[in-house]
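Novice: Numbering (the working numbering), first residue to last: 2 to 186.
Glycine residues also receive a C-beta, built at the ideal position from the N, C-alpha and C atoms.
Input: one structure, supplied below.
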Ligand code: MN
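Structure (structure tokens):
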């Protein structure tokens, strides 16, 4: 198992244990099959980004809690580490720049979309809001069934508790910041 594999598997196991959920219960909550949850827990396979989001939403935890150590407040200067989540997600690179902050209900990613990438995301938890800010290139973001063009130095804010997506129709790599806000009640 590589580091990411281990981290995801440990996080899922401990979440399920803490909640006292059987694989069956976890499957119902997340919409991910029991077989796949078992494989992920045993470190036999990594989930895709879309499946990891389903798991995070089903357990009502942040996405970054699966891929990054949570360090509350102290680490003010962060250097991004690239992580490939799953070989199927070979045109999208997700990097956590600031992992989930419980008090602010916030996590921040830098995301690279290679040319031709089209990534669809399941609905996140109720009330989750994303702010997409394009740093380089041009992307399109799918919100309520409509693709919105977002150019360099432009932003788009949307409710991410329904299906949404990101794509790069250009010939150049595009980079954007994704600031994800979770309700903090
Ligand atoms: Mn999303």
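What is the rounded straight-line gap between the Cα of residue 141 and the Cα of residue 69?
Specialist: 27 Å
Novice: According to DSSP, is residue 94 helix, strand or coil?
Specialist: strand
Novice: Does residue 145 come out as helix, strand or coil in the three-state DSSP assignment?
Specialist: coil
Novice: When the Cα atoms are used, what is the spatial distance from residue 112 to residue 23?
Specialist: Residue 112 and residue 23 have their C-alpha atoms some 34 Å from each other.
Novice: Check whether the Cβ atoms of residue 119 and residue 79 lie closer than 7 Å to each other.
Specialist: With respect to the 7 Å criterion, residue 119 and residue 79 are not classified as neighbours on the basis of their beta carbons.
Novice: So if DSSP puts residue 39 in a beta bridge, which residue, or which two residues, is it bridged to?
Specialist: Partner(s): none; residue 39 has no beta bridge.
Novice: Is it true that the CB of residue 59 sits closer than 7 Å to the CB of residue 121?
Specialist: no
Novice: Going by CA-CA distance only, name the one from 46, 157, 14, 145 that's closest to residue 135.
Specialist: 157
Novice: Answer yes or no: the CB of residue 122 versus the heavy atoms of the ligand MN, is any distance below 6 Å?
Specialist: yes
Novice: Following the continuous beta strand (DSSP E) through residue 122, name the residue where it begins and the one where it ends.
Specialist: Membership of residue 122 in the beta strand (DSSP E) is indicated by the continuous run 119-122.
Novice: Should residue 108 go down as buried or exposed, given a rule of 16 or more other Cβ atoms within 10 Å for buried?
Specialist: buried
Novice: Using C-beta distances below 6 Å, list every residue in its chain close to residue 42, excluding the 5 sequence neighbours before and after it, in chain order.
Specialist: 10, 13, 14
Novice: So does residue 161 have its beta carbon nearer than 6 Å to some heavy atom of the ligand MN?
Specialist: yes
Novice: What does the alpha-carbon distance come out to for the pair residue 16 and residue 49?
Specialist: 19 Å
Novice: Does DSSP put residue 156 in a helix, in a strand, or in coil?
Specialist: strand
Novice: CB-CB under 6 Å to residue 90, same chain, minus the five flanking residues each way: which ones, in chain order?
Specialist: Closer than 6 Å at the Cβ level, and outside the excluded window around residue 90, lie 49, 50.
Novice: Would DSSP call residue 173 helix, strand or coil?
Specialist: coil
Novice: If you measure between the beta carbons of residue 97 and residue 83, is that distance less than 7 Å?
Specialist: no
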